[in-house]
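Visitor:
Number of protein chains: 2
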Amino acid sequence: MKPPSLTLKDIADQLGISPATVSLALRNKECVSEKTRQTVWEAVKRLGYVYNRSAARLRTQRSTTIGLIVPNILNPFFTELTSAVEEKLDTCGYSLLLAKTSEDRERQAKALRTMLEYSVDGILLCPAVGTTQEDLRICEKTNTPLVLFTRPVDGLKIDYVGPDNTKGTFLATQYLLRKGHTRIAFIGGVEGSFTRWERYEGYRKALEEVNIPVENQYNRVCDTTLDHGFQVIQELLNLQDSPTAVLCFNDVIAFGVILGLWYHRMVPGKEFDVIGFDNIADAALFSPSLTTLSCPPKQIGSRASELLLERIKHPGKSQESVILVPELILRDSA
Amino acid sequence: MKPPSLTLKDIADQLGISPATVSLALRNKECVSEKTRQTVWEAVKRLGYVYNRSAARLRTQRSTTIGLIVPNILNPFFTELTSAVEEKLDTCGYSLLLAKTSEDRERQAKALRTMLEYSVDGILLCPAVGTTQEDLRICEKTNTPLVLFTRPVDGLKIDYVGPDNTKGTFLATQYLLRKGHTRIAFIGGVEGSFTRWERYEGYRKALEEVNIPVENQYNRVCDTTLDHGFQVIQELLNLQDSPTAVLCFNDVIAFGVILGLWYHRMVPGKEFDVIGFDNIADAALFSPSLTTLSCPPKQIGSRASELLLERIKHPGKSQESVILVPELILRDSA
DNA sequence: CTGAAAGCGCTTACAG
DNA sequence: CTGAAAGCGCTTACAG
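These protein sequences, in sequence, are chains V and P.
Counting in our numbering, the first sequence runs from 3 upward without gaps.
Counting in our numbering, the second sequence runs from 3 upward without gaps.
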């Protein structure tokens with residue numbers, strides 16, 4: 003199908019030297035004379051030689067590729083994280099193999115397997131909801147470094163980077179209470195998500211501390227998309243005792259809420275308080291008065307990448323958990 | 003570094019058959035007896051064998067990987083497109099290698115080369131601004147199918163999928179004129195972008211047709227991010243003869259504009275008309291009254307993928323240009 | 001239906 | 001500083 007491509011041997015033949023020397027020269031090894039190296043590079047450019055990584059990979063058992071698996075590329079949180087990972091890897095000479103799970107354990111299993119088949123040097127994974135230790139065993143078996151981010155896996159001691167969810171929402175709720183709010187809703191996140199549970203815990207604890215009962219009508223599960231946030235805030239505003247502030251599962255939900263408020267001609271941050279989580283790129287702009295718990299995806303992505311590259315270089319080191327404490331970012335009401 | 007991994011030969015030895023048969027069985031070839039196939043698959047599962055694609059790739063010169071190169075992953079247009087491509091490829095058994103150019107021709111050259119080194123079966127590329135035919139020559143040389151999308155390259159006859167920019171903005175401008183607007187601004191897109199030029203052309207022509215002069219103060223170049231749209235609309239609203247409608251380079255700019263309008267307590271679609279381009283996912287929600295020129299990234303992505311897979315299967319077929327005509331989507335003012 | 005053999009393009013000890 | 005040789009793990013004609 004493809005035409006015969008140029009090989010190291012072709013270059014070697016052209017120059018009347020051995021393929022071994024060409025290989026060494028291309029890798030810029032010290033042991034090759036400057037003169038040889040130059041002739042080789044010159045020939046490579048002239049003939050349009052393209053290095054064959056599959057061959058090198060087969061030989062060396064290393065791939066300079068890492069795999070990134072996320073639930074959903076469309077969520078800006080993961081988009082920004084992906085971008086940060088790509089950037090970090092690029093500067094370190096690694097390429098990125100990307101897959102998504104759609105929160106499906108089957109698809110996740112398939113993605114993991116495929117990446118191992120490509121001999122990735124390591125994997126960055128945000129586990130699909132419901133992932134078990136068993137699901138990830140294959141990485142251990144093949145001795146492939148694995149770093150989890152954003153969501154831990156129950157009972158699994160492994161490299162991990164993620165936020166302190168409970169502490170974050172606890173702080174945010176206290177902040178709302180101090181501002182005098184008593185009817186505070188918690189919006190977003192899907193049923194069965196451990197992250198949601200943790201974030202809700204912080205909210206619950208803070209209310210409990212000041213003896214405000216947690217009301218079921220203020221606790222709304224929903225998918226993390228703009229339109230769900232938009233929808234839910236409409237419903238909440240129609241309640242008898244409608245809330246005066248919402249703590250959102252994340253910024254995307256918060257954006258939906260803000261759009262819903264504008265739509266009702268209400269100004270978020272003035273007539274109604276909204277708090278997000280993550281501090282994704284658009285958060286700074288979305289509402290001049292959006293408060294958010296900052297634990298930016300770029301930061302998580304770059305920390306996780308660093309950790310993974312570290313593991314690849316020094317295997318066998320002990321596991322590390324990087325827990326980032328979210329910072330409450332207040333923005334001036336304009 | 004990695005422990006010795008299981009090979010086909012290990013499986014073969016275990017079962018007392020030849021590696022060739024194991025290979026055939028794994029590929030589910032007809033010529034292997036049902037019984038043998040089953041024993042092989044059973045052993046593979048039991049022993050936890052992981053197929054080595056590097057070896058297969060080296061042998062067959064095919065990779066079942068394709069490369070996707072975009073200017074910027076963070077732009078929702080490209081995010082959605084990436085997602086659509088990933089989905090399409092996944093169902094066809096291909097994996098995705100992802101890279102971004104940041105509109106830098108050097109980085110683009112590097113990304114192309116890396117992908118060829120990985121022996122991708124084909125490449126999907128949205129060329130960085132300023133890309134020349136020469137920049138893409140390497141694909142031709144290595145005989146790697148290349149499909150461009152969204153942006154053509156000057157003078158290059160090659161498979162391409164993209165919108166009819168001029169026709170789109172022409173229609174949209176006519177629509178605004180019919181609604182009685184006479185002061186219409188054109189916002190967004192960067193200097194030197196061919197796409198911007200095309201979209202501006204449609205706007206210019208429509209105004210010209212009804213003898214409305216094109217005013218420089220209504221033509222604003224800016225990066226395609228929310229905050230730039232937000233910024234620019236503020237400036238326009240402060241003009242002496244501030245416009246009554248804007249045609250935006252794309253939806254992202256339009257979102258920024260809408261946020262800017264809400265911020266001024268103006269309701270887009272009522273007191274001020276806003277038109278976007280692309281129809282990205284959030285457009286339906288962003289303002290209930292946002293009008294947009296629909297040419298969705300998912301559609302472009304999936305058409306481009308199909309075209310590429312087609313080329314991979316049947317090389318040597320003649321080039322094809324798929325020009326999608328944007329449709330004006332009107333949404334009811336609520 | 002199954003096996004022996006060659007080879008994909010590289011890298012790496014090992015000699016010289 | 002350079003070369004000959006072996007081998008990474010697969011696939012594929014070719015025999016049988």
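Cβ atoms here follow ideal geometry from the backbone N, Cα and C, with glycine treated the same way.
Any beta-carbon of chain P closer than 8 Å to the one on D253/V?
Guide: Closer than 8 Å: no.
Visitor: Unbroken alpha helix (DSSP H) runs of length 4 or more, entirely within the region 191-234 of chain V: which are they?
Guide: The region 191-234 of chain V contains these whole alpha helix (DSSP H) runs: 196-211.
Visitor: Under three-state DSSP, which class holds S335/V?
Guide: No answer about S335/V holds up, because its pLDDT of 48 lies below 50 and its placement is not dependable.
Visitor: If the criterion is Cβ atoms closer than 8 Å, does the pair L238/P and Y205/P meet it?
Guide: Not in contact: L238/P and Y205/P (Cβ atoms no closer than 8 Å).
Visitor: For the region 31-75 of chain P, list the alpha helix (DSSP H) runs that are entirely contained and at least 4 residues long, ordered along the chain.
Guide: For the region 31-75 of chain P, whole alpha helix (DSSP H) runs of length 4 or above, ordered along the chain, are 36-49, 55-62.
Visitor: Decide if the region 99-107 of chain P is in contact with the region 159-176 of chain P; the criterion is three or more beta carbon pairs, one per stretch, under 8 Å apart.
Guide: Output reads no: the region 159-176 of chain P does not touch the region 99-107 of chain P.
Visitor: Who are the neighbours of D229/P on chain V, taking C-beta pairs under 7 Å?
Guide: Chain V residues near D229/P: L287.
Visitor: Can you look up F279/P in the DSSP assignment and give me helix, strand or coil?
Guide: DSSP places F279/P in strand when its eight states are reduced to three.
Visitor: DSSP beta-bridge partners for L100/V?
Guide: DSSP, once it has assigned bridges, lists L70/V, L98/P as partnering L100/V.
Visitor: If we call anything under 8 Å between Cβ atoms a contact, is I277/V one with L179/V?
Guide: It is not a contact, given that the beta carbons lie outside the stated cut-off.
Visitor: Between which two residues does the alpha helix (DSSP H) containing V24/P stretch?
Guide: Note, V24/P: alpha helix (DSSP H), 21-28.
Visitor: Looking at the secondary structure, which residues open and close the beta strand (DSSP E) in which C250/V lies?
Guide: Here the beta strand (DSSP E) through C250/V covers 247-250.
Visitor: Give the interface partners of Y53/P over in chain V, defined as CB-CB distance under 7 Å, in chain order.
Guide: Those are E119, listed as they occur along chain V.
Visitor: Closer than 9 Å by beta-carbon distance: list the chain P residues that pair up with R333/V, in chain order.
Guide: Per Cβ cutoff of 9 Å: no residues; R333/V is ~13 Å from chain P at best.
Visitor: Tell me whether I325/P sits in a helix, a strand or coil according to DSSP, three-state version.
Guide: Correct three-state label for I325/P: strand.
Visitor: Kindly indicate which residue of T84/P, R222/P, R61/P, K47/P has the alpha-carbon position closest to the one of R55/V.
Guide: For R55/V, the nearest C-alpha among the options comes from R61/P.
Visitor: Does chain P have any CB closer than 8 Å to the CB of M3/V?
Guide: In this prediction, M3/V has a pLDDT of 46, which is less than 50 and means its spatial position is unreliable; nothing more can be read from the coordinates.
Visitor: At what residues does the beta strand (DSSP E) containing F151/V begin and finish?
Guide: First-last of the beta strand (DSSP E) with F151/V: 148-151.
Visitor: Which residues in chain P sit within 9 Å of E2/V, going by Cβ to Cβ distance?
Guide: What the structure shows of chain V is the stretch from 3 to 336, and residue 2/V is not part of that stretch, so it cannot be assessed.
Visitor: So which residues of chain P does E82/V contact, with C-beta pairs closer than 8 Å?
Guide: Near E82/V (Cβ distances below 8 Å), the residues of chain P are L76.
Visitor: Counting only runs that start and end within the region 86-143 of chain V, where is the alpha helix (DSSP H) found for 4 or more residues in a row?
Guide: The qualifying runs are 107-119, 135-143.
Visitor: Given this structure, state the Cα-to-Cα distance separating R305/V from E273/V, to the nearest angstrom.
Guide: Going by the C-alpha atoms only, they are around 38 Å apart.
Visitor: Does G50/P get closer than 8 Å to chain V when you measure Cβ to Cβ?
Guide: Chain V contact via Cβ: present.
Visitor: State yes or no: is the C-beta of V131/P within less than 8 Å of the C-beta of G194/P?
Guide: Yes, these two residues count as a Cβ contact at 8 Å.
Visitor: Can you look up P299/P in the DSSP assignment and give me helix, strand or coil?
Guide: Helix at P299/P.
Visitor: Are the beta-carbon atoms of A283/V and T294/V separated by less than 8 Å?
Guide: Contact flag unset, no.
Visitor: Considering only the beta carbon of each residue, do G258/V and L292/V sit closer than 8 Å?
Guide: No, the Cβ-Cβ distance between G258/V and L292/V is not below 8 Å.
Visitor: Cα separation between I314/V and A256/P?
Guide: Roughly 44 Å separates the two Cα atoms.
Visitor: In or out: R198/P buried (at least 16 other Cβ within 10 Å) or exposed?
Guide: Buried, by the Cβ-count rule.
Visitor: Which residues of chain P have a Cβ atom closer than 9 Å to the Cβ of W43/V, listed in chain order?
Guide: Those do not exist, as W43/V stays about 14 Å from chain P at its closest Cβ, beyond 9 Å.
Visitor: Determine whether the beta carbon atoms of N252/V and D280/V lie at a separation below 8 Å.
Guide: Yes; because the gap between Cβ atoms is below 8 Å, this pair is in contact.
Visitor: Who pairs with T293/P in a beta bridge, going by DSSP?
Guide: T293/P is bridged to I277/P.
Visitor: State buried or exposed for A336/P, treating a residue as buried only when at least 16 other CB atoms are found within 10 Å of its CB.
Guide: Bear in mind that a pLDDT of 41 at A336/P, under 50, signals an unreliable position, so the number given afterwards is only what the model happens to contain. Flag for A336/P reads exposed.
Visitor: With a threshold of 16 other CB atoms inside 10 Å of the CB of T23/P, please say whether the residue is buried or exposed.
Guide: Buried: at least 16 other Cβ atoms inside 10 Å.
Visitor: Pop quiz: L338/P and S307/P are said to be a contact at Cβ under 8 Å. What is the actual Cβ separation, rounded to whole angstroms?
Guide: Beyond the ends of chain P as shown, which are 3 and 336, falls residue 338/P; an answer cannot be given.
Visitor: Of all the CB atoms in chain V, is at least one closer than 8 Å to the CB of F151/P?
Guide: Not one chain V Cβ lies under 8 Å of F151/P.
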